[in-house]
Structure formats: structure tokens, C-alpha cells
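S.K.: The structure under discussion is supplied below as C-alpha cells; questions concerning it will follow.
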Amino acid sequence: MNPVIHLAGLTRHFDGLVAVDQVDLQVFPGEIFGLVGPDGAGKTTTIRMLLGIIEPSAGSVAVLDQGSLENIKESIGYVPQKFSLYGDLTVIENIRLIGSLYGAGSAGIEQRAKEILTFTKLLPFKDRLADNLSGGMKQKLALAAGLMHKPKIFFLDEPTSGVDPVSRREFWQMLYGLNKEGMTIVVSTPYMDEAELCTRIAFMHHGHIVSCDPPAKIKQSFPFHLLELSTGSKDVRHHLPAALIHDVNAFGDKYHLVVSDPAAAMAAVREALGKAGILIESLGEIEAALEDVFVSLASQPAKAADDLPAANTGIPIAAVPEKAAVKCPKDDCSLYEYAVETYNLTRKFGNFTAVNSVNLKIKRGSIYGFLGPNGSGKSTTIRMLCGILTPTAGNGTILGVDLAKEGEAIKSFIGYMSQKFSLYDDLTVKENLDFYAGLYSLTGRQKDGRINEMLQMAGLEDREKELTVNLAGGWKQRLALGCSILHNPPILFLDEPTGGVDPKSRRMFWDIIYKLAAQGTTVMVTTHFMDEAEHCDEIGFIFEGSLIAADTPARLKQSIKGTLIRINHPDPMALLSEVTAHKLPFIDVYAQGAGLHALVRPEDMPAWETYPYKVISPSLEDVFVHYVKSNRKELSA
């Protein structure tokens, strides 16, 4: 079979920086081909060279046997990272505009528009302004725009970044449908569960392709063993036998330990935790996930055993500044059991109710996860808590300070990190920190000391003179965090801080958050990564402006009624089609990584006995999807 994409020695330099280095790659007809790798690995640059947007410095590109895309423009579709939509046009007007750019006649445009808007489930919203769409709906509109001319090859650059799990699943079902119709798809993604759905994936690092194979084969290449440890304690990393453990990643009260000798490591862990008086609930070897392989491939050579990283970060625990004197706005922080309390908090925009009578109680020194689909009211709630927006009704307090009456005072003592990282790209790393230090009235030794601490925490000590625009997403993220905590705030609000950031950078970030919380900082975070939600002490689910559930991760998982089963399969999307076609009984069913999850009533379990399933405990992603679909009335009765 001849490849539809052929790269030979593809190279691209930017002012002496090698972004893509001698890449050889082939993509074959009908593949869903994934590009994964850390921020700055060269994924976007590679896609842009494939599309002819930028010229290679060396090497060759052939797409559909053409060295130039001039003759095959109509055979290529593209969804960039930042959707090229016109916010002041409606959904249908955006689609018509794209159709006209490809020279389609008006009759053809209307027919094709109806087809793809029906396919993407956007037809009921065709007269809505693009600016008024949720993130998931904007993503679908970008997909629809890219499909107007029926491309043979479809390129998508992190199309689901910052989109909730339900919308991501719907998006991938659409991609799968297109692929089954014969379309070749090339997609970059930071989500490893999405990478599992690809035919093959290429892992890029420092501009090179270091691995290119089907996901199952790549997982087999994991050079270590993975243990899962469950305890009743929140942080046991300091008690673990560092000499036998290469890496640790925390998921709430569970820890994944990367080891070479599982038997010896398990014995040493039992002995060490036993001496510390820590109860082990379970300890055993598990199969490495694609994310574990990703982090292994992206990691630098192992450090000495006595410099054990905290939670897979590569940043020693000591790199996070030790607890400083945190100022409380009124008096001693310890006087407040709850850092955040709200009572029927409501915000309306005209006739639209964005947040509807939300009651929150967030314990001081805890990590609170605030989850919900795109457009559910998460960011609006956080902006009210930060004093940026005034509530339309209801009230609340932040460490005793009144939300409605003292919004300006709240801004002075909180830390806030917005979705889009409030950094100045034309300033250097240190200049950004200097600027924010000035806003917080830091001067002299205190200012210099805090800036140095933030540079060390972010791992940017040697890059303080570099322009911020040149930083990859993970570095920008940690710099933005540093800017937001320069003044030692007692409470920190993080609004989707890891959107579009690779798994290794996300793990580094969360180690810092753990450390801050352990020092007494209260953290409220919104995220679309459900594995991150496992880090939280308590979670609130918001849907269409209303808080529909709030509890610990463990109790939320226990709230799901039914039996959750998993069926491993090389083509989970095909299995999903088969199961639904055979009308097997289920409450819900969906592809998840390299398998299928089905929530089944106990009395319906016999109908599934022809499949090699195993009963599993729900993850927070299963819980999230269950709550959202239940409130949308999308679950089987």
C-alpha cells in the first residue's frame, strides 16, 4: 500500500533553534494517525509543514504524491489549535463563508451545510453567534468548517484541548465515522485516552520521532514495571524506599510507582510504610498506560536515587518554596474552618442565568475541584469568588470578606490564574515576575527573594532573560503560577490551568499544587482532566449553572448505581458500534482508551457474558460522564 503522506529528512530551524529534526514518516490511507509529545516537541511545526503553511529548512514533504499542495487544496482539511471562527457570524454564516472560499455554488453550499450540521449535531444552533457557543460547540463548528469540501486527508492540531470529556467523546465518535467512510486523519492530542484510539501514534521529543507504532505495541515498550499503591493517607511519598523507586505519581489516595524489580519494591514499600504506621489498603502490579510510557519517553536521564522526584516531576520537593507567612485579610486564617462559603450565589447576563443559586463550602487548606461541561458556569463562578464579577443575587465570603461588598479587597489577597495565562509575551520571564511583584507591592529583598523562589519552582532559573512568547505551554503554565503566588496568597483560584499542556508538564504542575496545599494554601481548581480531579479533597459538579453534586472523589464514585464493566479491544469504536447495533442492555456505554466501558444493571449482566469483560471500579471520568448524561436525560431508562 502506497503512503498518502511521506516525509523524508524533514527539518525546520527557527533562528538557530531546531524545531523539527530529520523526521522520516509515512502515513497510509485510512489511518487515524496520532502525533503526541511534550510541549515544544515539534508537533504543530510538523503539521504546518505538511500543510505548506511554513517551508521546511531541509528534507521533503509529499502529500497524495504531490510535493506542492497547490493542486490538492480541495483534498486537504485542517482544524488548527485556535479555531479560525468569526465570532460575530452565526454558525450557518461561518459555514457558508468557508464553502464560498472553496468556490462552491450556493445550492451546493446549502446542501453540504445541512449535511455536516446534522452530522455534528449543530443544526438546532445554526442561527446562534459563534461567540455564544460553548467550547465543545465551537470545536464542532471548527470540525464542520473543515469538512465543507469533503477532504481526503484531515489534519487536526489538538482539536479537543480545553474541552470536557463528554464533548471529547462525541467529537471522537464523529472522527471515527469519518474514518470509516475512508478519510485519513492526522491528529495531535495531549490526551492519552484519545491517542489510544489512533491506528498508530508517533511520539515526538526535541524535534525527533522516538517511537512510531500502534498504541498497544508502544505500551509494551515501557521499560519498567508499574505498581499501584492505595493507602488511607494523603501523602506517603516521603516514606517510600527511594532506592527502589524511579518515579511516583499521586492520584488522590492512590500512587503509581515506577520500579525495575516489582517483588523487591513491594516488599520494601510494605516494610517502610509499616514502620511509619501507614495502612496499605492494596498494593500490586498493573499494566502501564500510554501516559506512563509518554512520561518515560519524555523524561531526562534518571537522577540519583536520593534525589527522588515528587510525583513524576523531575523537580525535587525542596524546589517548591517552604511555607512563608501567609497574610489573612482580616485576622488569623486558622479562625476560619471554611475558606470559601457561598449562599445561593447567582449571576445573570441579561435573561441568561450563568450561575444559579450555588452553595459552596470549601475547607481551608484543601484542594477543591470544580468540574462541569463547557459553558456550565465554572469560570463565571470563579470570577465572582475573585471579586472580578459582582453577583446578581446571593452572597458569600472569602476568608470572612464579603463577596458582594468587598470585591476589590478580595483581589488584593487571593491568587488567580486564568485559562489563558495572563502573561506578557513581549516581556522576558523575569520581567513578567517583576511586573506582578510590583502589582502586589513587593519591594527590596522580599521582592528579589520571591522572584528567585518562583524561578526555581518553575525550573526557569537559566531562562529568566528569555522572551515569554518563546516558552512552550508547560513552562508558561508554571511561570503563570509563579506570578499568581508571588505574594503568598492564602487562597489560590486556578481556572483550567493545564489545558493544552502535555502529561509530563501536568504532573510537574500538580506536584507544586500538592506542596502548596500541604503548606496551608486553599486551592480551587477547574479542569477537564479527570485524572487531575483525583488529586482533589472534594469535588463539585456544576451543570447548566447549578451545583448537582459535591463530595469526596471516593463517595462520588460510590454514588453510581449499576455494575461498570470493561472490555479490552484493539478497535473500541468498532466494538461500540457492534454493541449498540446488537442492542445489548446498558445504562451507558462508551469507548475509553483501548477498551469499552459499559454501565449495566445487575439483572442485565447475563446478556454480556459472550464478551470477555471484567468488573472495574468507576473512575472520576466515568462519574463525570454519568452525572452530565443523567442531567441531559441521555442515559437508557
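Under numbering that gives the first Met the number 0, the residue at position 169 of the sequence shown is numbered 168, and the numbers go up by one with no gaps. Just so it is clear, CB atoms sit at the ideal spot from N, CA and C, and this is done for glycine as well. This one's a predicted model, so the numbers in the text were calculated from it and none came from an experiment.
Return no unless some Cβ of chain D is closer than 8 Å to the Cβ of I277.
M.R.: Looking at the structure shown, chain D is missing, and only one protein chain is on hand.
S.K.: Mapping the DSSP letters down to three states, classify K42 as helix, strand or coil.
M.R.: K42 falls in the helix class under three-state DSSP.
S.K.: Taking just the CA atoms, how far does G395 sit from L402?
M.R.: Taking the straight line joining both Cα atoms gives about 5 Å.
S.K.: Please confirm if the segment 186 to 206 is in contact with the segment 40 to 53, defined as three or more CB-CB distances below 8 Å between the two stretches.
M.R.: yes
S.K.: Could you check if G15 belongs to the surroundings of the ligand NAD, using beta carbon to heavy atom distance under 7 Å?
M.R.: Questions concerning the ligand NAD fall outside what the structure shown contains, since it holds no ligand whatsoever.
S.K.: With a threshold of 8 Å on Cβ separation, who are the neighbours of A116 within its own chain once the five nearest residues in sequence on each side are excluded?
M.R.: According to the sequence shown, residue 116 is Leu rather than Ala. For L116, where only same-chain residues beyond five positions count, the Cβ hits under 8 Å are V90, I91, I94, L122, K125 and A143.
S.K.: Pick out whichever of L422, T10 and F348 has its Cα sitting closest to the Cα of G481.
M.R.: Here the closest residue by C-alpha is L422.
S.K.: Classify Y610 as helix, strand or coil using the three-state DSSP reduction.
M.R.: coil
S.K.: For the beta strand (DSSP E) that contains P284, what are its first and last residues?
M.R.: According to the sequence as given, residue 284 is Glu; it is not Pro. Residues I279 to I285.
S.K.: V294 lies in the alpha helix (DSSP H); which residues open and close that run?
M.R.: L289 to A297 is the extent of the alpha helix (DSSP H) around V294.
S.K.: Rounded to whole angstroms, what is the Cα-Cα separation between P261 and S232?
M.R.: 22 Å
S.K.: One question on the structure: do S356 and G393 come within less than 8 Å of each other, judged by their Cβ atoms?
M.R.: yes
S.K.: Given this structure, state the Cα-to-Cα distance separating H625 from K429, to the nearest angstrom.
M.R.: 45 Å
S.K.: Compare the C-alpha of E284 against each of L598, I75, V588 and H255 and name the closest.
M.R.: H255
S.K.: Mark G313 as exposed unless 16 or more other C-beta atoms lie within 10 angstroms of its C-beta, in which case mark it buried.
M.R.: Caution is warranted here: a pLDDT of 36 is assigned to G313, below 50, making its placement in the model unreliable, and no coordinate value can be reported.
S.K.: Where does the unbroken alpha helix (DSSP H) through C482 begin, and where does it stop?
M.R.: G472 to S483
S.K.: When you compare each of K151, A106 and V162 to S133 by their alpha carbons, which one comes out closest?
M.R.: V162
S.K.: If you reduce the DSSP assignment to three classes, tell me which class V257 lands in.
M.R.: strand
S.K.: Would you kindly work out how many angstroms separate the C-alpha atoms of V627 and G371, rounded to a whole number?
M.R.: 8 Å
S.K.: Spell out the partners DSSP gives H224 in its beta bridges.
M.R.: V258
S.K.: Distance, Cα to Cα, T230 vs P571?
M.R.: 32 Å
S.K.: Between D536 and K149, what straight-line distance do the alpha-carbon atoms span, to the nearest angstrom?
M.R.: Each residue's alpha carbon lies about 47 Å from the other.
S.K.: Around the Cβ of G539, are there at least 16 other Cβ atoms within 10 angstroms (buried) or fewer (exposed)?
M.R.: buried
S.K.: Nearest-angstrom Cα distance between L459 and T442?
M.R.: 21 Å
S.K.: So for D424, helix, strand or coil by DSSP?
M.R.: coil
S.K.: Indicate whether Q21 and G36 have their beta-carbon atoms separated by less than 8 Å.
M.R.: no
S.K.: Does the segment 492 to 508 come within contact of the segment 582 to 594, defined as at least 3 CB pairs closer than 8 Å?
M.R.: no
S.K.: State yes or no: is the C-beta of F170 within less than 8 Å of the C-beta of P189?
M.R.: no
S.K.: With 16 as the cutoff for other CB atoms within 10 Å, does T579 come out buried or exposed?
M.R.: exposed
S.K.: Taking C-beta to C-beta, are L598 and I615 nearer than 8 Å?
M.R.: no
S.K.: Leaving out the 5 sequence neighbours to the left and right, which residues in its chain are closer than 8 Å to V468 when beta-carbon positions are compared?
M.R.: D424 and D425
S.K.: Going by beta carbon distance, what residues of the same chain come within less than 6 Å of V268, once the five residues before and after it are set aside?
M.R.: none
S.K.: Okay, do the segment 491 to 502 and the segment 523 to 531 touch, 3+ Cβ pairs below 8 Å being the bar?
M.R.: Between the segment 491 to 502 and the segment 523 to 531 there are three or more inter-stretch CB-CB distances shorter than 8 Å, so the stretches are counted as touching.
S.K.: Below 8 Å between beta carbons: does that hold for M173 and K151?
M.R.: no
S.K.: Please classify P390 as buried or exposed, where buried requires at least 16 neighbouring CB atoms within 10 angstroms.
M.R.: buried
S.K.: Quick one, are the C-beta atoms of L96 and A129 less than 8 Å apart?
M.R.: No, they are not a contact pair.
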